[in-house]
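Worksheet: the structure to be examined is printed underneath.
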Amino acid sequence: MSGEGSTPQAIRKLQPGKLVIASHNKGKVREIADLLAGRGFDVVSAADLDLPEPVETGTTFFANAELKARSAADLSGYPALADDSGLCVDALGGDPGVYTADWAETPNGRDWSMAMQKVEDALAAKGPDATRGAHFVSVLALAWPDGHVEWFEGRAEGTLVWPPRGKVGFGYDPMFVPLGHDQTYAELPHETKNAISHRNVAFELLKAAVF
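Residue numbers (the UniProt record's numbering): 1 to 211.
And the structure:
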């Protein structure tokens with residue numbers, strides 16, 4: 001298996017209609033929209049609605065996903081689906097983890113090449129015998145305007161390679177090879193990555209629970 005997730009516990013069903021993807025990340029919006037395709041939802045992103053990006057003050061994936069979903073649902077008046085995800089490197093004690101995007105921040109926006117270099121430099125500092133195991137985590141939070149929230153967690157195991165390879169994905173995808181494959185997320189066809197990703201694992205749990 002490429003990933004594993006928690007057991008769905010949701011009790012509220014999501015009815016077809018307008019659904020806000022609470023993200024300004026075009027790559028993430030595309031992946032989530034693809035997963036939702038054909039299910040009767042009128043999907044819009046937070047960027048489409050000119051919603052502000054809330055400051056991610058949470059210290060867990062669950063907290064940040066909920067924060068983003070609640071904000072989008074409150075401001076739009078529609079159900080909102082948010083993802084908080086990150087790369088957790090075994091040899092780095094789980095870093096960058098919930099600070100995955102922070103490692104890419106620059107005064108001019110996010111630089112993912114710089115972020116990947118930071119990971120590689122941190123691994124190199126651990127010495128030649130440092131393990132290169134890592135996993136991606138995705139937590140999906142689904143919030144309704146009345147404040148109800150459901151959460152779903154997915155995980156995908158893999159290893160890190162250097163130099164980065166591929167141009168299909170985004171973020172740290174070019175250095176992450178998922179378990180059972182020899183290509184990075186960024187080398188795999190978009191449809192293949194979607195089918196095995198941590199985000200898809202979480203989405204399958206959401207689908208089973210609320211659709």
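Backbone N, C-alpha and C define an ideal beta-carbon position, used for all residues, glycine too.
Within 10 angstroms of the Cβ of residue i, are there 16 or more other Cβ atoms? Answer buried if so, exposed if not.
{"i": "residue 23", "result": "buried"}
{"i": "residue 173", "result": "buried"}
{"i": "residue 21", "result": "buried"}
{"i": "residue 131", "result": "exposed"}
{"i": "residue 113", "result": "exposed"}
{"i": "residue 68", "result": "buried"}
{"i": "residue 108", "result": "exposed"}
{"i": "residue 158", "result": "buried"}
{"i": "residue 227", "result": "Residue 227 falls outside the range modelled here, since the chain spans only 1 to 211, and no answer is possible."}
{"i": "residue 105", "result": "exposed"}
{"i": "residue 3", "result": "Its pLDDT being 48, under 50, residue 3 is placed unreliably by the model, and the measurement read from it follows with that caveat. Residue 3 is buried by the Cβ-count criterion."}
{"i": "residue 73", "result": "buried"}
{"i": "residue 143", "result": "buried"}
{"i": "residue 171", "result": "buried"}
{"i": "residue 96", "result": "buried"}
Nearest to residue i by alpha carbon, out of the options?
{"i": "residue 83", "options": "50, 111, 209, 201", "result": "201"}
{"i": "residue 52", "options": "75, 63, 42", "result": "75"}
{"i": "residue 184", "options": "164, 199, 203", "result": "164"}
{"i": "residue 18", "options": "127, 37, 36, 41", "result": "41"}
{"i": "residue 54", "options": "45, 48, 60, 64", "result": "64"}
{"i": "residue 133", "options": "188, 39, 91", "result": "91"}
{"i": "residue 122", "options": "27, 48, 93", "result": "93"}
{"i": "residue 177", "options": "187, 171, 170, 168", "result": "187"}
{"i": "residue 140", "options": "58, 43, 81", "result": "81"}
{"i": "residue 13", "options": "138, 148, 170", "result": "148"}
{"i": "residue 180", "options": "115, 156, 46, 189", "result": "156"}
{"i": "residue 87", "options": "116, 79, 70", "result": "116"}
{"i": "residue 15", "options": "78, 161, 205, 189", "result": "78"}
Quick one: give me the first and last residue of the beta strand (DSSP E) that residue i is part of.
{"i": "residue 21", "result": "18-21"}
{"i": "residue 205", "result": "Element bounds for residue 205: not the beta strand (DSSP E) but the alpha helix (DSSP H), 198-210."}
{"i": "residue 152", "result": "149-160"}
{"i": "residue 176", "result": "176-178"}
{"i": "residue 44", "result": "42-45"}
Ends of the alpha helix (DSSP H) at residue i?
{"i": "residue 33", "result": "26-36"}
{"i": "residue 55", "result": "Premise fails: residue 55 is in no alpha helix (DSSP H) and is neither H nor E."}
{"i": "residue 51", "result": "Premise fails: residue 51 is in no alpha helix (DSSP H) and is neither H nor E."}
Would you say residue i lies against chain B (beta-carbon separation less than 8 Å)?
{"i": "residue 157", "result": "Checking the listed chains, one finds no chain B in this structure; it contains a single protein chain."}
I'd like to know if the stretch 28-45 and the stretch 189-197 are in contact, where contact means that at least 3 CB-CB pairs between them fall below 8 Å.
yes
Sequence ranges, beta strand (DSSP E) only - wholly within the stretch 106-146, length at least 3:
133-143
For the stretch 203-211 and the stretch 135-154, state whether three or more C-beta atom pairs, one from each stretch, are separated by less than 8 Å.
yes
Which whole runs of the alpha helix (DSSP H) in the stretch 58-98 are 4 residues long or more, in chain order?
61-76
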